[in-house]
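Working notes for the structure below.
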Amino acid sequence: MAELPERKIMKEQVIFEIIGYVGSAFVLASFLMASVVRLRIINSIGCVVSVVYGLLIHAYPTVIMNAALLIINIFFLIRMSKQKSAAYHADRAEAGDQFLRYFLTAHGEDIRRYFPAFDGAAGCGYIRFAYCGDKAAGLVMGELADGTLDLKLDYTTPEYRDLSVGSWLYESLAAEGIRKVILSVPTQEHEKYMQKMGFVKEGDAWVKTLG
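Taking the numbering used here as reference, the numbering of the sequence shown is continuous, increasing by one, and the terminal residue is 202.
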């Protein structure tokens, strides 16, 4: 039996509404992101879905607005990727530095989320901040011996968790003559980051060969 036209129209309307809600959900979720890059990526997904929704219901002002937002997001994502790679620089720190103590305190809760066993700067002879412009974007701490860096902490602030800091940082470590990095990772969430950075699991540790 052929489906009644009215029922078919109702089904289409329900599908269209679901698409509209999905687009709105992505846009709203994007504003919960601490990272500006993630915000723009998720917002862009919402814009694409919203453009499709607008075309389906012939709401062209919605199409135009979301298409414009998508273009803006893409423009800034490209610009940020270029600016970040050029703006990063490293600065050495000592265990007793005041700013280091402030940074570890300010980000203490987030650091313990990824490194619950981390107990401070004591015993770390190698300490490097990664800066983006004048902002501290990341921190690496550990012991360096014979070209091998035994990491105790590899932390990136939420705003810069788009892998660009890590990629730049490990390139800079190689430029210093460091040949291998070893890190014991206590959390599953940080293991995903290690894999993306090219680390390989060896026993209880993650190992990355540089150069």
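Don't be surprised by glycine CBs; every beta carbon is placed ideally from N, CA and C.
- According to the DSSP secondary-structure assignment, isoleucine 173 is paired through a beta bridge with Asp141 and Val198.
- The continuous stretches of alpha helix (DSSP H) do not include alanine 108, and DSSP gives it neither H nor E.
- By alpha-carbon distance to glutamate 180, the top candidate from Leu142, Asp82 and Arg152 is Arg152.
- Judged by beta-carbon spacing, tyrosine 105 lies within the 8 Å limit of tyrosine 146, meaning their Cβ atoms are closer than that value.
- Contact annotation, leucine 61 with valine 39: C-beta distance approximately 6 Å; criterion of less than 8 Å satisfied.
- Fully enclosed alpha helix (DSSP H) runs of no fewer than 4 residues occupy -4 to 21, 27 to 47 and 51 to 78 of the stretch -5 to 80, in order along the chain.
- In the three-state reduction of the DSSP assignment, phenylalanine 94 falls in the helix class.
- With a cutoff of 8 Å on beta-carbon distance, leucine 130 and leucine 142 are scored as not near each other.
- Contact between alanine 121 and leucine 160 holds, since their C-beta atoms are separated by about 5 Å, short of 8 Å.
- DSSP places methionine 185 in the helix class (H, G or I) of the three-state scheme.
- If you draw a straight line from the Cα of isoleucine 36 to the Cα of phenylalanine 17, it is about 7 Å long.
- By the criterion of a C-beta distance shorter than 6 Å, phenylalanine 7 is surrounded in its chain by Leu47 and Ile48, once the five residues flanking it on both sides are discounted.
- In this structure, leucine 91 and isoleucine 102 do not form a Cβ contact; the two beta carbons are roughly 12 Å apart against a cut-off of 8 Å.
- Alanine 166 counts as exposed, since fewer than 16 other C-beta atoms from the protein chains shown sit within 10 angstroms of its C-beta.
- In this chain, the beta strand (DSSP E) harbouring glycine 133 covers 126 to 136.
- Where alanine 86 is concerned, there is no enclosing alpha helix (DSSP H), because DSSP gives it neither an H nor an E.
- Membership of glutamate 162 in the alpha helix (DSSP H) is indicated by the continuous run 155 to 166.
- Scanning its chain for C-beta atoms nearer than 6 Å, with the 5 sequence neighbours on each side dropped, one finds around threonine 178 the residues Tyr105, in chain order.
- Lysine 183 is classed as exposed because its beta carbon has fewer than 16 other beta carbons within 10 Å across all chains shown.
- Here the alpha carbon of glycine 157 sits roughly 25 Å from the alpha carbon of alanine 20.
- Apart from the 5 residues on each side of it in sequence, tyrosine 44 sits with its Cβ closer than 6 Å to the Cβ of Ile10, Gly11 and Gly14 in its chain, given in chain order.
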